[in-house]
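A short worksheet on the structure shown next.
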Amino acid sequence: MSLSDLKIPRRSRNHRRRREESRLADHVDRLGEEHPPIPLGSVDYSMKKPGLLAERFGPVLAYMTRVELEVERNVLELNILLPDPPEVDRHFYADVWMPQETRHGQILDKLQHLIGVQPHEPNLADVSFSLKFLGALGRVPGIQDVSRMLYYLTGLATERSAVIAYNKFHAGLVGLGERAIAATVIAPIRRQEPGHFAYYQMAAQQLWDQLSGWQKWLTRELRKRTFEVVGAYNKRQVADFGNVMEALEMSDGGEAELREYARQVGRAEHELMWAHRQGMRVPDYVFKSLKRAAVLAAERKGDIWPAVHPAGS
Numbered sequence: 000m001s002l003s004d005l006k007i008p009r010r011s012r013n014h015r016r017r018r019e020e021s022r023l024a025d026h027v028d029r030l031g032e033e034h035p036p037i038p039l040g041s042v043d044y045s046m047k048k049p050g051l052l053a054e055r056f057g058p059v060l061a062y063m064t065r066v067e068l069e070v071e072r073n074v075l076e077l078n079i080l081l082p083d084p085p086e087v088d089r090h091f092y093a094d095v096w097m098p099q100e101t102r103h104g105q106i107l108d109k110l111q112h113l114i115g116v117q118p119h120e121p122n123l124a125d126v127s128f129s130l131k132f133l134g135a136l137g138r139v140p141g142i143q144d145v146s147r148m149l150y151y152l153t154g155l156a157t158e159r160s161a162v163i164a165y166n167k168f169h170a171g172l173v174g175l176g177e178r179a180i181a182a183t184v185i186a187p188i189r190r191q192e193p194g195h196f197a198y199y200q201m202a203a204q205q206l207w208d209q210l211s212g213w214q215k216w217l218t219r220e221l222r223k224r225t226f227e228v229v230g231a232y233n234k235r236q237v238a239d240f241g242n243v244m245e246a247l248e249m250s251d252g253g254e255a256e257l258r259e260y261a262r263q264v265g266r267a268e269h270e271l272m273w274a275h276r277q278g279m280r281v282p283d284y285v286f287k288s289l290k291r292a293a294v295l296a297a298e299r300k301g302d303i304w305p306a307v308h309p310a311g312s
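For the sequence shown, position 237 matches number 236 in numbering that gives the first Met the number 0, and the numbering has no gaps at all.
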């Protein structure tokens, strides 16, 4: 008899589930206590060369600001997508995540206005029909758990992308000599993102272990078909994300560099959903989505991606 044939007693499963739920709730409470919204008075906007900062990182700042401000709509979407969410989810996204992210957006928005960056207009209220439809299906037994799983997976990829981008943005600012902005704007924002990632990771693992076979199959299929780069909901925004990758030097190395980036973004969901696929290091849909962003950004400028360098250069 293999280990997979052994049945875990229901009482033991219920005890384990309660323990995991308690651990998750404790994590959310800790996030709220230890990482309140960043005080506006703690930010030092003094800059040495604001024009150079705008030229070098304007696309990054405009994109990040829009995405952070759009959490207001994201919460509306979650209320539709999850008609009956666990209380710990609601507590996390309404009481902890939203106030933190909204403050990030406010701080970044002031910075982009100070340096004269043209802002990207955030969508704060328009919820897509497809999401409303999926929310309506959430009343069908078993479907809301699939929607929750997709929410956690999206959160994992989003937070990993954010940490990578903020790390590179911080390093770039230090390289420009803009240490005040790096230390009081980007560093405090960056410090709050890993706690969000940890929440999604714990919640995803807990729920995945509870899903039935058909729910796991449906989650995989929907994830493959709906994955998109963080914050992009149309072709223009996908190209905008390509500009972010270019400005942060995340796509200069062609497909090899982009595959490594995709591996980092998709590692958590790969380990959760695709580890049984031998030889698969990263979900291919993650790489294809990032590549599309790089290609669209290059095409918008009349270039090709990856850039062709002359022989011997």
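For glycine and all other residues, C-beta sits at the position ideal for the given N, C-alpha and C. Quick caveat: nothing in here was measured; it's all calculated off a predicted structure.
With C-beta atoms as the reference, is residue i less than 8 Å away from residue j?
i	j	result
Leu-175	Lys-234	no
Gly-241	Ala-293	yes
Gly-137	Leu-81	yes
Ile-163	Gln-263	yes
Val-285	Ala-261	yes
Ile-66	Val-229	Reading off the sequence, residue 66 comes out as Val, not Ile. Result yes, Cβ atoms of Val-66 and Val-229 sit closer than 8 Å.
Phe-196	Val-59	no
Tyr-44	Leu-113	yes
Ile-106	Ile-37	yes
Pro-367	Gly-253	No statement about residue 367 is possible, as the shown extent of the chain runs from 0 to 312 and does not include it.
Phe-56	Gly-171	yes
Arg-258	Val-281	yes
Leu-77	Tyr-150	yes
Thr-225	Met-148	no
Leu-68	Asp-94	no
Arg-159	Ala-267	yes
Gln-111	Gln-191	no
Thr-101	Val-126	no
Ser-129	Glu-227	no
So residue i is in the alpha helix (DSSP H); what residue range does that whole segment cover?
i	result
Gly-171	142 to 175
Pro-58	49 to 68
Tyr-198	186 to 207
Tyr-260	253 to 268
Ser-288	283 to 299
Asp-88	86 to 89
Phe-132	128 to 136
Taking only three categories from DSSP, how would you classify residue i?
i	result
Ser-1	Because Ser-1 carries a pLDDT of 42, less than 50, the predicted location of this residue cannot be relied on, and the following value inherits that uncertainty. In this structure, Ser-1 counts as coil in the three-state DSSP scheme.
Ser-312	Any reading at Ser-312 must be qualified, since the residue scores a pLDDT of 47, below 50, and its modelled position is unreliable; the value itself is stated next. Coil, per DSSP.
Gly-104	helix
His-119	coil
Met-249	coil
Arg-280	coil
Asn-73	helix
Glu-220	helix
Val-243	helix
Pro-305	coil
Pro-38	coil
Ala-181	helix
Gly-230	coil
Leu-113	helix
Met-272	helix
Ala-238	helix
Asp-83	coil
Tyr-92	helix
Arg-18	helix
Ala-124	coil
Asp-25	helix
Gln-214	helix
Met-46	coil
Which one of the options has the shortest CA to CA distance from residue i?
i	options	result
Asn-73	Leu-123, Pro-35, Leu-152	Leu-123
Thr-157	Gln-200, Leu-110, Gly-171, Val-184	Gln-200
Asp-208	Val-145, Val-126, Ser-250	Val-145
Tyr-165	Glu-227, Tyr-150, Val-139, Pro-193	Pro-193
Leu-23	Ser-41, Asp-83, Glu-71, Phe-91	Phe-91
Lys-215	Met-272, Glu-69, Leu-247	Met-272
Ser-21	Lys-109, Arg-189, Tyr-198	Tyr-198
Val-173	Leu-52, Gly-212, Glu-33, Ala-161	Leu-52
Pro-187	Glu-19, His-34, Met-244	His-34
Lys-47	Ala-181, Asp-28, Thr-64, Ser-160	Ala-181
Val-27	Leu-110, Ala-202, Leu-247	Ala-202
Arg-317	Gln-205, Glu-245, Ala-297	With the chain running from 0 to 312 in the structure shown, residue 317 is simply not present.
Val-116	Glu-54, Val-42, Leu-289	Glu-54
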